[in-house]
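Student: Its first residue numbered 1, the sequence shown is counted upward by one per residue in the numbering used here. Handing you a structure now.
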Amino acid sequence: MMKQNSMRKMNLLFAAGAVLLLLADLYTKKAAAAHLAGDPLVLIPGVLELTYLENHGAAFGLLENRIALFAVLTCAFLAAAVWFLRILPGGRRFLPLRAACFAACAGAAGNLYDRLRFGYVRDFIYLRLIDFPVFNVADICVTCSAAAALILLLFYYKEEDLLFLNHRGRSK
């Protein structure tokens with residue numbers, strides 16, 4: 001079991017990593033808006049392009065122009081993540097889940113910033129090979145951390161590892 005001071009340092013390290021992910025997201029979005037508007041950059045022909053797009057909705061353009069709804073949902077997610085991080089046990093076993101949570105928060109914050117500042121999310125990565133919707137670094141953070149958390153919860157952690165989520169498990 002990690003000592004409380006070590007866990008505090010680990011949380012600071014993960015928070016610093018989340019800030020770096022957020023800054024990378026904002027920087028790449030700014031660069032995309034400045035350099036790709038109207039002129040896509042083909043990195044791998046037929047596979048990968050950088051092309052600027054203003055997304056006024058959620059994933060796949062769903063629920064266009066619902067900024068208030070997205071802001072409320074994102075704030076609720078961030079509050080839930082803070083709660084989860086507070087009850088998540090210390091120890092090396094839970095470091096991957098802790099890292100995934102911080103990365104998801106970085107991505108959520110990056111897209112929330114765009115929605116509140118611009119009224120849309122700036123996307124720029126396009127996988128032409130599979131005609132996947134245009135996305136950004138924040139989307140990568142959210143998607144990869146959610147996938148990692150799901151894999152961890154399904155295949156890595158045992159039921160007894162997750163007793164902290166159960167009120168009865170916390171009282172023991």
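Just so you know, even glycine gets a beta-carbon here, dropped at the ideal spot from N, CA and C.
Do you know how far the Cα of residue 22 is from the Cα of residue 254?
Tutor: In the structure as shown, the chain begins at 1 and stops at 172. Residue 254 is therefore absent and cannot be evaluated.
Student: Closest to residue 9 by CA distance: which of 32, 91, 130 and 65 is it?
Tutor: Ranking 32, 91, 130 and 65 by Cα distance to residue 9 puts 91 first.
Student: Can you check which of these residues, 130, 108 and 87, is closest to residue 165 by C-alpha distance?
Tutor: It is 87 whose Cα lies nearest to the Cα of residue 165.
Student: By a C-beta neighbour count over all protein chains shown, 10 Å radius and 16 as the cutoff for buried, is residue 115 buried or exposed?
Tutor: By the 10 Å Cβ count, residue 115 comes out buried.
Student: Out of 159, 135, 97 and 66, state which residue places its alpha-carbon closest to the alpha-carbon of residue 110.
Tutor: Closest by alpha carbon: 135.
Student: Beta carbon of residue 101, beta carbon of residue 78: below 8 Å?
Tutor: No, these two residues do not count as a Cβ contact at 8 Å.
Student: To test your reading of the DSSP string, which unbroken alpha helix (DSSP H) runs of 4 or more residues are found completely within the stretch 59-125?
Tutor: Fully enclosed alpha helix (DSSP H) runs of 4 or longer: 67-87 and 95-118.
Student: Which value, in whole angstroms, describes the spacing of the CA atoms of residue 28 and residue 162?
Tutor: C-alpha separation (whole angstroms): 37 Å.
Student: Give me the Cα-Cα distance between residue 157 and residue 146, rounded to the nearest whole angstrom.
Tutor: Looking at the two C-alpha atoms, the distance is approximately 15 Å.
Student: Just curious, the alpha helix (DSSP H) that residue 136 is in, first and last residue?
Tutor: Per DSSP, residue 136 belongs to no alpha helix (DSSP H) and is neither H nor E.
Student: Over the uninterrupted beta strand (DSSP E) stretch that includes residue 55, give me the two end residues.
Tutor: First-last of the beta strand (DSSP E) with residue 55: 48-55.
Student: Near residue 81, which residues of its chain fall below 6 Å by C-beta distance, leaving aside the five closest residues on each side in sequence?
Tutor: Cβ neighbours of residue 81 beyond the five flanking positions: 101 and 105.
Student: Based on the DSSP output, what are the partners of residue 42 in its beta bridges?
Tutor: In the DSSP output, where bridge partners are listed per residue, residue 42 has 49.
Student: With a threshold of 7 Å on Cβ separation, who are the neighbours of residue 113 within its own chain once the five nearest residues in sequence on each side are excluded?
Tutor: These residues qualify, in order along the chain: 26.
Student: I think residue 67 touches residue 119, with their Cβ atoms under 8 Å apart; what is that distance to the nearest whole Å?
Tutor: 6 Å between Cβ atoms; contact.
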